[in-house]
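Student:
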Amino acid sequence: MVKEIEILTADDTELMCISREGTLSLSLNEMQTIQTHFGTLGRNPTDVEIETIAQTWSEHCVHKTFKSTILYSEDGKEPEQIDGLFPSFIQRATEEIAKPWCVSVFSDNAGIIEFDEQFNLVFKVETHNHPSAIEPYGGAGTGIGGVIRDALGTGLGAKPILNTDVFCFGLPDTPYAQLPKGTLHPKRVFKGVVAGVRDYGNRMGIPTANGAILFDARYTANPLVFCGNVGLIPRNRCEKSVEPGDLVVAIGGQTGRDGIHGATFSSAELDDTSESLGSVVQIGNPIMEKKIVDALLQARDRNLYRSITDCGAGGFSSAVGEMGEDIGAEVHLERVSLKYEGLAPWEIWLSEAQERMVIAVPPENLDELMEICEAEVVEATVLGTFTDTRRLQVFYEGTVVADLEMEFLHHGLPMPVKEAVWEPPKHPDMASRDEETVNYTNDLERLLASPNIASKESVIRQYDHGVQGGMVINPLVGVENDGPSDACVTTPVLGSRTGVIVANGINPKYSDVDPYLSAAAAIDEALRNIVAVGGTLEKTALLDNFCWGNPDKPDRLGELVRAARACYDIATAYGTPFISGKDSLYNEYRDTTTGEQRAIPSTLLISAICVMPDIQNAVTMDVKMPGNLIYVVGNTYAELGGSHYFNIHGFVGNTAPAIRPSEGKLTMERLSTAINSGLVRSCHDCSEGGIGVAAAEMAFSGGYGMSLRLDDIPTGEEIDADDFLLFSESNSRFLVEIEPQHQHAYESHMAGIPLGCLGTVSDTSEFVIKGKTGRLIIETSIDILKSAWQVF
Amino acid sequence: MRPKTLILRTAGTNCDAETDMAFQLAGAETALVHIQHLISDKVNLADYQILAIPGGFSYGDDIAAGILLAIEMKHKLTDALNRFVEDGKLIIGICNGFQVLVRTGLLPGKDTSEMAQQATLAMNTSSKFECRWVDLETQESPCVFTKGVKARVYLPVAHAEGRFTAPANVLSELEANNQVVFRYAESRYPNNPNGSDSNIAGICDATGKIFGLMPHPERFLTKWNHPRWTRVAKTQETPSEEGDGLVIFKNAVDYVKSNLL
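And the structure:
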């Protein structure tokens, strides 16, 4: 049953061969370290041991790239040494911001922040990209299933209250002939991923109420699936510990051969043969997970266990290995409840079969725990004991199959030094089309109909966003409940008016110009969305999820350095700490016959969560009343690099929106107080498609037209071009609707902030905009704009 | 004494907490009870006056929505359920709970106690799960849960299998006995979100004491649940913070207070 892996006598070629053929994803340096370690022990490792090490050391589990030293050179300058992206940029930002309401950051399965007197919130976002590329339905479903278990495995277990999801797909109209070998059509991926998230989230009874869907040809072979979960946890259940003598108890689903090597698989590139790796994708069962939640939350409230974690990547090997890291653990694999016979010990140990949690139970509490599990019809099995040996000892039918020092397992990994370079790219630039075009009505309609901006209602409606009864700002708002809300707001404690706002920001198109600006814009956008519904920077925390190409390639890593640096700069400037994050690297596709290599656009998702003291102050983005005034808040610059306007005309450009955080912070803070003092009737952030798209969305969502002029738009530089004014995507800008009787109060409240009154809400469906010189540049109706936008 | 409501749970139930909240706000004493505890006699159904079967995906809605829980109830709680009904106590099934009541035969219900299924809730004509708010028309009916409910109510639906359909004779009997409690206000999609026969959104049995509906009144307990509450002018304070769904639970509690305690 157990094999010895012959490494003591292996040369470098053989070592790499062992790594490759076993899907271990270990580098030569790592294989050599293992060889040396076992050399001193005078024996070869078993398959269980080498698999355990490979899981524990995988990029997926240990985040080598974010912890290792990087030699970075930019634009031909002297190389600079960065001692780990995570400590230097992410963790440091949080430490410097030092918010007292951060309860636990980066240490547990999810970040924890304070909510009210009784409860805290946990928030985690994960990716499940490679599985979703191969098997969209199962990959996405288990993606959401996995992140829910992260919340459940945080502290002593949080009740899941909200799901978020962000997807990046190839273009829906990709011709079949252009599909890279072995990949699924983006439409098929899209449909499968949505169905997977829908069926899992809805069955679990968790509202899915925030998200985004983006399209770019470069996601065709490697789609991205981000799944997030917010949980509610009592304040006195946020800490965990494990004592020697506690029982290792597995609870939930049975173990099968599904999902073996998920952690190491996701730490390598995809290629045209990946589709045959079906067994690396797990099989989800949301009702099983719901039963676990029902049982565990009762056990938690009765204090029956001391620690908990989920079986995610690496299965039991990671879960038990992590929980027993400081003390030791002994596990007997023959006790594991199996789906079917015939699994080798290493397969039981590594299986990523879903819906399993591991808890540390003091022996005296076992009977009471079992009673709960019986009543909820959930299987629980004692697998072994936590010990004081500082060793991870695994047995199968009385035979030792693994005996590893915790110290080597968790701290023996050699950290590589990586090289990174970044050269600013140069793209052809696009000039204003003012000379050649009579008006921009057609451009506006095209923008609204472009896949990234167009309505996602057909997807959103398939998610239950009302379950749990606390939703107060839905993902769809407006007079016909179909406008695009900036963020969702929910009240997880029924009967209380304290709300949670969840929003996100993501701008991979700017990465083509500068990943620094892409990351900065993602943070700015997530915060704008929070502020637009009535949140405040003061109470907002962030999550970072990096999806990147192969970081062993210096240019990809250089982009990562740029983005991580922006995270530090902008988060500290806004005072919004990171509380959790995750990276998914190696998002590349390789055609093994042609050798052609495709990386995804460097993609950073920023998720934001904010506690709102009184939901009564929330506002939505739909205009409310004819005669009200429409203001733009924040300066516009001629920043169209990576914009959607350039994109529909086939350009990337070079001037992506810059970030001016001191301006932005002041703008957002002042706008927050204006909203919370009831001066604002509606508010929408300006993002993709700029002022033009934002105004159109506000108008058709509210069911009223608008009559606007561009001459009063506040600008940070001289801009004469109407199309640049209308479609620039400069950061930190909003459109707001003000009742005439509040005009004076609003203007004086906003004194010192760039502000311009663009016009009014009209009582007809006409949507007209006059350019700087007074000529009509948009002349259409909200019905036409809305039907363009509702193209899906 | 406060009326006692048993909120039934099983694997996949997921609207139990908000249904619990609704009954508490209505003044009931509530207990969330797993069906295993009823089957094993740890909990006695006879101690309660109201049985609520909340929404969710009981047993994953495997085979068809609500069918496994319905079978379990019919075969493992036969006597307890029959006595509950004979005692004139109240039963409400919301969404998945409605699907369960129809599949047990408790709805539309008939004279015999055989609990035979006469109608069904089939896949939506849109073939997909949909979450949206719809206008309902309250009908003249003997239903004790909807006394004094507004003629038109706005409530959310969230389901994939909500198309009420039955043979013509069952439908005409329903109409003749005024057992249709709520209809979708328009027959066109999406306001009739599932293509139900006669726009039926909720029905009761002939006594009016057993009530099932696809929409979720427990999701509209406060004014902030309304999807357009931000469109009400800030100056124009609504007199009540109560949502339109709460009255359904209050009616049940009031009925028990006046008739069963």
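From first to last, the protein sequence lines stand for chains A and B.
FYI, the numbering used here numbers position 786 of the first sequence as 786, with every residue one higher than the one before it.
FYI, the numbering used here numbers position 185 of the second sequence as 977, with every residue one higher than the one before it.
We put the beta carbon where it would ideally sit given N, CA and C, even for glycine.
In chain order, what residues of the same chain have a beta carbon less than 6 Å from the beta carbon of Asp-482 (chain A), not counting five sequence neighbours either side?
Tutor: Along the first sequence, read from residue 1 onward, the residue named residue 482 (chain A) stands at position 482. Contacts found: Glu-457 and Leu-476.
Student: So which residues on chain B does Ile-287 (chain A) lean against when the C-beta distance must stay under 8 Å?
Tutor: Taking the first sequence and counting its residues from 1, one reaches residue 287 (chain A) at position 287. Per Cβ cutoff of 8 Å: Ala-803, Gly-804, Phe-849, Tyr-851 and Gly-852.
Student: Can you check which of these residues, A:Pro-661, A:Ile-648 and A:Leu-543, is closest to Asp-569 (chain A) by C-alpha distance?
Tutor: On the first sequence, residue 569 (chain A) is found 569 positions in, with the first residue counted as 1. For the residues A:Pro-661, A:Ile-648 and A:Leu-543, the minimum Cα distance to Asp-569 (chain A) belongs to A:Pro-661.
Student: Could you give the distance in angstroms between the alpha-carbon of Lys-418 (chain A) and the alpha-carbon of Phe-651 (chain A)?
Tutor: As a working mapping, residue 418 (chain A) is identified with position 418 in the first sequence. As a working mapping, residue 651 (chain A) is identified with position 651 in the first sequence. Roughly 33 Å between the two C-alpha positions.
Student: Could you tell me whether any Cβ in chain A is nearer than 8 Å to the Cβ of Leu-913 (chain B)?
Tutor: Taking the first residue of the second sequence as position 1, residue 913 (chain B) is located at position 121. So, not an interface residue.
Student: With DSSP run on the structure shown, which of helix, strand or coil describes Val-62 (chain A)?
Tutor: Residue mapping note: residue 62 (chain A) aligns to position 62 of the first sequence, counting from 1. Correct three-state label for Val-62 (chain A): helix.
Student: Taking contact to mean at least 3 C-beta pairs separated by less than 8 Å, is the stretch 229-242 of chain A in contact with the stretch 118-130 of chain A?
Tutor: yes
Student: Hey, quick one: how far does the alpha helix (DSSP H) through His-742 (chain A) stretch, first residue to last?
Tutor: As a first step, residue 742 (chain A) is located in the first sequence; it is residue number 742 there, counting from the start. Per DSSP, His-742 (chain A) belongs to no alpha helix (DSSP H) and is neither H nor E.
Student: Hey, quick one: how far does the beta strand (DSSP E) through Cys-227 (chain A) stretch, first residue to last?
Tutor: Position 227 of the first sequence holds residue 227 (chain A). For Cys-227 (chain A), the enclosing beta strand (DSSP E) starts and ends at 224-234.
Student: Is it the case that the Cβ atoms of Trp-57 (chain A) and Leu-26 (chain A) are separated by a distance below 8 Å?
Tutor: Residue 57 (chain A) sits at position 57 when you count from the first residue of the first sequence. Residue 26 (chain A) sits at position 26 when you count from the first residue of the first sequence. Cβ distance < 8 Å, so Trp-57 (chain A) and Leu-26 (chain A) count as in contact.
Student: Of all the alpha helix (DSSP H) runs that stay within the bounds of the stretch 425-487 of chain A, which reach a length of 4 or more residues?
Tutor: Entirely contained in the stretch 425-487 of chain A, the alpha helix (DSSP H) runs reaching 4 residues are, in chain order, 441-449 and 457-460.
Student: Within 10 angstroms of its Cβ, does Cys-17 (chain A) collect 16 or more other Cβ (buried), or is it exposed?
Tutor: By 1-based counting over the first sequence, the position of residue 17 (chain A) is 17. The residue in question, Cys-17 (chain A), is exposed, as its Cβ has fewer than 16 Cβ neighbours within 10 Å.
Student: Mapping the DSSP letters down to three states, classify Gly-252 (chain A) as helix, strand or coil.
Tutor: Residue numbering aside, residue 252 (chain A) sits at position 252 when the first sequence is read from its first letter. Gly-252 (chain A): strand per DSSP, three-state reduction.
Student: Could you give the distance in angstroms between the alpha-carbon of Tyr-840 (chain B) and the alpha-carbon of Leu-184 (chain A)?
Tutor: As a first step, residue 840 (chain B) is located in the second sequence; it is residue number 48 there, counting from the start. As a first step, residue 184 (chain A) is located in the first sequence; it is residue number 184 there, counting from the start. Going from the Cα of Tyr-840 (chain B) to the Cα of Leu-184 (chain A) covers about 55 Å.
Student: Name, going along the chain, the residues of the stretch 1033-1044 of chain B whose beta-carbon falls closer than 7 Å to a beta-carbon of chain A.
Tutor: Across the stretch 1033-1044 of chain B, no CB contact with chain A closer than 7 Å is found for any residue.
Student: Give the residues of chain A in contact with Phe-921 (chain B), contact being defined as C-beta atoms less than 7 Å apart.
Tutor: Taking the first residue of the second sequence as position 1, residue 921 (chain B) is located at position 129. Taking a Cβ-Cβ cut-off of 7 Å, the neighbours of Phe-921 (chain B) in chain A comprise Arg-198, Asn-202 and Gln-462, given in sequence order.
Student: Assuming Ala-814 (chain B) and Leu-1038 (chain B) are in contact, meaning their beta carbons sit under 8 Å apart, how far apart are those beta carbons, in whole angstroms?
Tutor: What you label residue 814 (chain B) is simply residue 22 of the second sequence in a count that begins at 1. What you label residue 1038 (chain B) is simply residue 246 of the second sequence in a count that begins at 1. Approximately 6 Å separates the beta-carbon atoms of Ala-814 (chain B) and Leu-1038 (chain B); this is inside 8 Å, confirming the contact.
Student: So if I threshold CB-CB distances at 7 Å, which residues from the stretch 852-885 of chain B count as touching chain A?
Tutor: Within the stretch 852-885 of chain B, those residues whose Cβ lies closer than 7 Å to any Cβ of chain A are, in chain order, Gly-852.
Student: Please return the same chain residues whose Cβ sits closer than 7 Å to the Cβ of Cys-547 (chain A), not counting the five positions on each side in sequence.
Tutor: Here residue 547 (chain A) refers to the residue found at position 547 when the first sequence is read from its first residue. Result list for Cys-547 (chain A): Thr-127, Asn-129, Leu-224, Ser-584, Asn-587, Ile-600 and Thr-603, in chain order.
Student: Can you pull the chain B residues whose beta carbon is under 7 Å from the beta carbon of Ala-465 (chain A), in chain order?
Tutor: Numbered from 1 along the first sequence, position 465 holds the residue referred to as residue 465 (chain A). Residue 465 (chain A) is actually His in this sequence, not Ala. Simply Cys-923.
Student: Need the endpoints of the beta strand (DSSP E) that Arg-801 (chain B) sits in, please.
Tutor: Working through the second sequence from its first residue, we reach residue 801 (chain B) at position 9. 796-801 is the extent of the beta strand (DSSP E) around Arg-801 (chain B).
Student: Suppose the cutoff is 7 Å on Cβ atoms and the five residues either side in sequence are ignored; what does the same chain contact list for Asn-676 (chain A) look like?
Tutor: For this step, residue 676 (chain A) is matched to residue 676 along the first sequence. Same-chain partners within the cutoff: Gly-534 and Asn-617.
Student: In chain A, what lies closer than 8 Å to Gln-891 (chain B) by C-beta?
Tutor: For the purposes of this step, residue 891 (chain B) is taken as the residue at position 99 of the second sequence. Under the 8 Å cutoff, chain A gives no residues; its nearest Cβ is about 14 Å from Gln-891 (chain B).
Student: Which residues in the same chain have their Cβ closer than 6 Å to the Cβ of Phe-190 (chain A), if we skip the five residues on either side of it in sequence?
Tutor: Mapped onto the first sequence, residue 190 (chain A) falls at position 190. Around Phe-190 (chain A): Phe-169.
Student: Tell me the DSSP bridge mates of Ile-206 (chain A)?
Tutor: Residue numbering aside, residue 206 (chain A) sits at position 206 when the first sequence is read from its first letter. None, per the DSSP bridge assignment.
Student: Counting along the chain, where does the alpha helix (DSSP H) carrying Thr-1043 (chain B) start and finish?
Tutor: Working through the second sequence from its first residue, we reach residue 1043 (chain B) at position 251. Checking the displayed sequence, the identity of residue 1043 (chain B) turns out to be Asn instead of Thr. Per DSSP, Asn-1043 (chain B) is one residue of the alpha helix (DSSP H) stretching across 1038-1051.
Student: Going by DSSP, name the residue or residues bridged to Gly-848 (chain B).
Tutor: In the second sequence, the residue the question calls residue 848 (chain B) occupies position 56. Per DSSP, B:Thr-805.
Student: Are any of the Cβ atoms in chain A nearer than 8 Å to that of Asn-1017 (chain B)?
Tutor: Along the second sequence, one-based indexing puts residue 1017 (chain B) at 225. At least one chain A Cβ lies under 8 Å of Asn-1017 (chain B).
Student: From this set, B:Tyr-1047, B:Lys-1042, B:Arg-794 and B:Arg-1023, which residue's C-alpha is nearest Met-625 (chain A)'s C-alpha?
Tutor: Counted from its first residue, the first sequence places residue 625 (chain A) at position 625. The option with the nearest alpha carbon to Met-625 (chain A) is B:Arg-1023.
Student: Below 8 Å on the Cβ atoms is my contact criterion, and I expect Gly-205 (chain A) with Leu-296 (chain A) to pass it. Report the Cβ-Cβ distance as a whole number of Å.
Tutor: In the first sequence, counting from the first residue as 1, residue 205 (chain A) sits at position 205. In the first sequence, counting from the first residue as 1, residue 296 (chain A) sits at position 296. With 8 Å as the limit, Gly-205 (chain A) and Leu-296 (chain A) do not qualify as a contact, their Cβ atoms being about 15 Å apart.
Student: Going by other Cβ atoms of all chains shown within 10 Å of its Cβ, with 16 needed for buried, is Gly-804 (chain B) buried or exposed?
Tutor: On the second sequence, position 12 is the one that residue 804 (chain B) refers to. Taking all protein chains shown into account, Gly-804 (chain B) has 16 or more neighbouring C-beta atoms within 10 Å of its C-beta and is therefore buried.
Student: DSSP puts Asn-545 (chain A) in a beta bridge; with which residues?
Tutor: Position 545 of the first sequence, counting from 1, holds the residue named residue 545 (chain A). A:Lys-582 and A:Leu-605, per the DSSP bridge assignment.
Student: Taking 8 Å as the CB-CB limit, is Glu-737 (chain A) close to chain B?
Tutor: For the purposes of this step, residue 737 (chain A) is taken as the residue at position 737 of the first sequence. So no, Glu-737 (chain A) is outside the interface.
Student: To be precise: take each residue of the stretch 286-306 of chain A, compare its Cβ to all Cβ atoms of chain B, and keep it if any distance is under 9 Å. Which residues remain?
Tutor: Pro-286, Ile-287, Met-288, Lys-290, Lys-291 and Asp-294
Student: With a cut-off of 8 Å on the beta carbons, I'd call Gly-505 (chain A) and Ile-606 (chain A) a contact; round off their distance for me.
Tutor: In the first sequence, counting from the first residue as 1, residue 505 (chain A) sits at position 505. In the first sequence, counting from the first residue as 1, residue 606 (chain A) sits at position 606. Correct: roughly 5 Å between the Cβ atoms.
Student: Within a Cβ cutoff of 8 Å, which residues of the same chain sit near Ala-958 (chain B), ignoring the five residues on either side of it in sequence?
Tutor: As a position in the second sequence, residue 958 (chain B) is number 166, starting the count at 1. So the list reads Pro-900, Gln-910, Ala-911, Thr-912, Leu-966 and Asp-989, once near-sequence residues are dropped.
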